[in-house]
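In the UniProt record's numbering, the protein residues as written are 1 to 162. Read the structure below first, then the notes.
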Amino acid sequence: MADLKKEREELIELFGIHFENIGHLPPLGSRILATLILDACTKEYSFDDLVEQMGASKSSISTNLNLLVKLGKITYYTLPGDRKKYYRPSAFSERFDNYLKMIAFEKDIMDRMLDYRQQTVSCQAGNFELEKSIVYREHVLEMEALLNKTIEKFKKIEKEGK
């Protein structure tokens, strides 16, 4: 049991570092998200539970919870007869929607850049850059297709789990 507790703490730290570096989340927000992900099936976390678990001030917890909700990383729910909010990680399908938005924006930029490069290419180096841009756009399209496929799989699993 002590090994599982240590492993849980290490996983929270690893997830936390990952969310800080990749998601540009603050350290406390990263640890809150990691905790909610790891304990999604075993514990319901209220605001007060998170204050106690994280050992941080109410203000810091509140600020980070609001940020995570705004970014779509977590959601909250209430229970009948209970005024508290309980927090959980957003569904995977919802979290991946943010990646789709980034890809859509990147596709738009790439389309404009390709159009510009095709009109302005005037040397061998320009042709080389144009070729690289075309390959990169193909990569973005493949990522989008794969992501859509993954989202559909998650939605199916989430629907079956309800």
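Beta carbons are placed, not taken as given, at the ideal position from N, Cα and C, and that holds for glycine.
Quick test of your reading: V69 and T63, contact by CB under 8 Å. State the CB separation rounded to the nearest angstrom. Against the sequence shown, residue 69 aligns to sequence position 69. Against the sequence shown, residue 63 aligns to sequence position 63. With 8 Å as the limit, V69 and T63 do not qualify as a contact, their Cβ atoms being about 11 Å apart.
Do you know offhand how far E160's Cα is from H24's? Taking the first residue of the sequence shown as 1, we reach residue 160 at position 160. Taking the first residue of the sequence shown as 1, we reach residue 24 at position 24. Our two residues, E160 and H24, have alpha carbons roughly 32 Å apart in a direct line.
Three-state class that DSSP yields for residue 166 in the structure shown: Summary: the structure shown does not reach residue 166, with the chain confined to residues 1 through 162, and so no result is reported for it.
Is it buried or exposed for G81, if we count other Cβ within 10 angstroms and need 16 for buried? In the sequence shown, the residue the question calls residue 81 occupies position 81. G81 comes out exposed.
With the cut-off set at 8 Å, would you say L130 and K73 are in Cβ contact? Within the sequence shown, numbered from 1, the residue matching residue 130 stands at position 130. Within the sequence shown, numbered from 1, the residue matching residue 73 stands at position 73. No; because the gap between Cβ atoms is not below 8 Å, this pair is not in contact.
Rounded C-alpha distance that separates E20 from D97: As a first step, residue 20 is located in the sequence shown; it is residue number 20 there, counting from the start. As a first step, residue 97 is located in the sequence shown; it is residue number 97 there, counting from the start. The alpha-carbon of E20 is positioned some 20 Å away from that of D97.
Reference K107, options L141, I17, G16, D48, closest by Cα: Residue mapping note: residue 107 aligns to position 107 of the sequence shown, counting from 1. Residue nearest to K107 within the set L141, I17, G16, D48 is L141 (criterion: CA-CA distance).
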